[in-house]
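Visitor: Residue numbers for the sequence shown follow numbering that gives the first Met the number 0, so the first one is 0 and each next one is one higher.
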Amino acid sequence: MEIPKILEKYRDYLESTYAPANEIILTLEETKPWESKLGGCPYLEDISEYPMGENGRPMIFYAQINLEEMEPLPDFPTEGLLQFYVEDAELYGLYEACKVRYIPTYKKEIEGLVQENPYEAQYEDMEPFDKPGKISFCRKIEPIGTECEEFQEKFFDKVTEEEWDALYEFCDASGCKVGGYPYFVQNPAAYYEDGTVDVLLLQLDIEETCGIMFGDSGNCNFFISREDLRNRNFSDVEYDWQCC
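1) Mark F155 as exposed unless 16 or more other C-beta atoms lie within 10 angstroms of its C-beta, in which case mark it buried.
2) State the Cα-Cα distance for the pair A244 and D197, rounded to the nearest angstrom.
3) Can you list, in chain order, the residues of its chain whose CB lies under 7 Å from that of N65, leaving out five sequence neighbours each side?
4) So W240 packs on F222, CB below 8 Å; how close in whole Å?
5) Return the first residue and the last residue of the alpha helix (DSSP H) that F169 is part of.
6) Mapping the DSSP letters down to three states, classify L37 as helix, strand or coil.
7) Evaluate contact between the segment 184-198 and the segment 38-46, counting only Cβ atoms and requiring at least three cross-stretch pairs below 8 Å.
8) Of all the options S224, Y94, N186, C242, which has the alpha carbon lying nearest to the alpha carbon of G217?
9) Closest by CA to C175, which one among E162, N54, V85, G210?
10) At which residues does the beta strand (DSSP E) containing S135 begin and terminate?
11) Drop a sphere of 10 angstroms on the beta-carbon of A20, count the other beta-carbons inside from all chains shown, and report buried for 16 or more, exposed for fewer.
12) Can you tell me whether E126 is buried or exposed, with buried defined as 16 or more other CB within 10 angstroms of its CB?
13) Is the distance from the Cβ of G25 to the Cβ of E206 below 9 Å?
14) Would you mind working out which of G52, T16, T208, R225 sits nearest D129, comparing C-alpha positions?
15) Taking the beta carbon of K107 as the centre, do at least 16 other beta carbons fall within 10 Å, making it buried, or is it exposed?
16) Helix, strand or coil: how does DSSP classify K107 here?
17) Does the distance from the CB of G179 to the CB of A18 come in under 9 Å?
18) Thinking just about the alpha-carbon of each residue, which of L201, P187, Y118 is nearest to the one in F136?
19) Taking the alpha-carbon positions, what's the A120 to E44 distance?
20) Using beta-carbon positions only, say whether P73 and R231 come within less than 9 Å of one another.
21) Alpha carbon to alpha carbon, how far is D171 from M58? Give it in angstroms, no decimals.
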């Protein structure tokens, strides 16, 4: 990454915070059942595998990540699928349960797989995007995000106004991605701030191609603890979204 000249004095620190991520790029293309996607039909070998929420209704399918299609990230599985679902409830299920389904192995033959989302028509008005899309990835390296407590402790009231503006632009963690640093529209989620679940599994942010928008200029995050990620335990993922 090219560090702005005005931030040259902070080069060593900023470079020490670099973390890998996979930027999500969305296109309006059809997807095969096992490919990475936003919305549409998740990989299902049988309709009975589709998650139901605590309210008894089918959960909203947000996204599927085929881990073999992106560059490896520390402690992430390198094979299989990650599917992201939230409760079909008001406010995009903000105060309800989410589910991340990990499928270690999958079939690559369309025959015998579910090819249409059996429940999308029931919740489509609750989706935080206008259209489904195909996900591809671009590996990137990110400096510490502006929402991190360490960033605030390092720079708040300790740099000039011009340096602060340059830092906020250089350390901007917004965008759709897997891994890296999160971006919070308002305040860091409590569980992220106290370090209990500190790995960003997925961030969905404002995006024009598929029309992603949470509330008024908002985004969402899914977090997991490093230990659970290493153990391939996705039963305790935290979901949060914020808007202006």
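Where is the CB? At the ideal position from N, CA and C, for every residue including glycine. Note that the structure is predicted; figures quoted are calculated from it, not measured.
Guide: Taking the definition as stated:
1) As a working note, residue 155 is residue 156 in the sequence shown. By the neighbour-count rule (16 or more Cβ atoms within 10 Å), F155 is not buried but exposed.
2) Residue numbering for the chain in the displayed model covers 0 to 243; residue 244 lies beyond these limits and cannot be assessed.
3) Numbered from its first residue, the sequence shown carries residue 65 at position 66. So the list reads W33, E34, S35, L80, once near-sequence residues are dropped.
4) As a working mapping, residue 240 is identified with position 241 in the sequence shown. As a working mapping, residue 222 is identified with position 223 in the sequence shown. Their Cβ separation, rounded to whole angstroms, is 12 Å, which puts W240 and F222 out of contact at 8 Å.
5) Here residue 169 refers to the residue found at position 170 when the sequence shown is read from its first residue. Unbroken alpha helix (DSSP H) run through F169: 160-169.
6) Counting from one through the sequence shown, the residue named residue 37 turns up at place 38. When secondary structure is reduced to three states using DSSP, L37 falls in the strand class.
7) The segment 184-198, when compared against the segment 38-46, does not touch it at the 8 Å Cβ threshold.
8) Here residue 217 is taken as the residue at index 218 of the sequence shown, counted from 1. That would be C242, whose Cα lies nearest to the Cα of G217.
9) Position 176 of the sequence shown, counting from 1, holds the residue named residue 175. Checking every option, the nearest Cα to that of C175 belongs to G210.
10) Here residue 135 is taken as the residue at index 136 of the sequence shown, counted from 1. Residue range 132-141 is occupied by the beta strand (DSSP E) that includes S135.
11) Against the sequence shown, residue 20 aligns to sequence position 21. Buried, because 16 or more other Cβ atoms sit within 10 Å of the Cβ of A20.
12) For the purposes of this step, residue 126 is identified with residue 127 of the sequence shown, where counting begins at 1. Counting Cβ neighbours within 10 Å, E126 comes out buried, since at least 16 surround it.
13) The residue given as residue 25 occupies position 26 in the sequence shown. The residue given as residue 206 occupies position 207 in the sequence shown. Rather than Gly, the amino acid found at residue 25 in this sequence is Leu. Yes; because the gap between Cβ atoms is below 9 Å, this pair is in contact.
14) Within the sequence shown, residue 129 is the residue found at index 130, counting from 1. The shortest Cα separation from D129 among G52, T16, T208, R225 belongs to T208.
15) The residue you call residue 107 lines up with position 108 of the sequence shown. When all chains shown are included, K107 counts as exposed.
16) Position 108 of the sequence shown, counted from the start, is the residue given in the question as residue 107. DSSP places K107 in coil when its eight states are reduced to three.
17) Here residue 179 corresponds to residue number 180 of the sequence shown, with the count starting at 1. Here residue 18 corresponds to residue number 19 of the sequence shown, with the count starting at 1. Yes, the pair counts as a contact, with Cβ atoms nearer than the cut-off.
18) Residue numbering aside, residue 136 sits at position 137 when the sequence shown is read from its first letter. Minimum Cα distance to F136 is reached at L201.
19) Residue mapping note: residue 120 aligns to position 121 of the sequence shown, counting from 1. Residue mapping note: residue 44 aligns to position 45 of the sequence shown, counting from 1. Those two C-alpha atoms are separated by around 20 Å.
20) Taking the sequence shown and counting its residues from 1, one reaches residue 73 at position 74. Taking the sequence shown and counting its residues from 1, one reaches residue 231 at position 232. No, Cβ-Cβ distance for P73 and R231 is not below 9 Å.
21) Along the sequence shown, read from residue 1 onward, the residue named residue 58 stands at position 59. Along the sequence shown, read from residue 1 onward, the residue named residue 171 stands at position 172. Their Cα atoms are separated by approximately 31 Å.
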